[in-house]
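Just so it is clear: in the sequence shown, position 58 is 87 by this note's numbering, and no numbers are missing.
The structure appears right after this line, and notes come after that.
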Amino acid sequence: MPEGESDSAIAENFADHFLNNINKIRDALAFFEKITPDHKEVPCFGMFEELTQDEVKKIIIHLQTKSCELDALPTRVLKSF
């Protein structure tokens with residue numbers, strides 16, 4: 030700790046440092062909010078091929094067993110059915 034500074038002054042300096050960094054990042058990102066991406070026409074899904082349960086199961090079994098915390102159901106659990 031720096032010599033002669035109180036704990037509260039050190040804490041304030043620490044907080045100011047990170048608040049300044051956050052403000053710099055926000056300022057840098059503000060530029061990107063002004064940019065509007067080009068919207069491209071995306072074809073609408075209108076035709077689907079009907080699959081049997083066995084075909085769906087085969088597709089699921091061949092998936093890589095990867096998951097993240099956003100998955101409603103982990104792949105390993107899905108594959109176990």
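Heads up, the beta-carbon is just placed ideally off N, CA and C, and yes, glycines get one too.
Quick caveat, the model's predicted, so the values are computed rather than measured.
Checklist entry - On the three-state DSSP scale, how would you describe Leu91? => result According to the sequence provided, residue 91 is His. The question's Leu does not apply to it. In the structure shown, His91 sits in coil (DSSP, three-state: anything other than H, G, I, E or B).
Item to check | Beta-carbon gap between Leu80 and Ile88 smaller than 9 Å | outcome: yes
Item to check | Through-space distance from Cys97 to Phe61, alpha-carbon basis | outcome: 28 Å
Item to check | Alpha carbon of Phe77 to alpha carbon of Ala59, nearest angstrom | outcome: 41 Å
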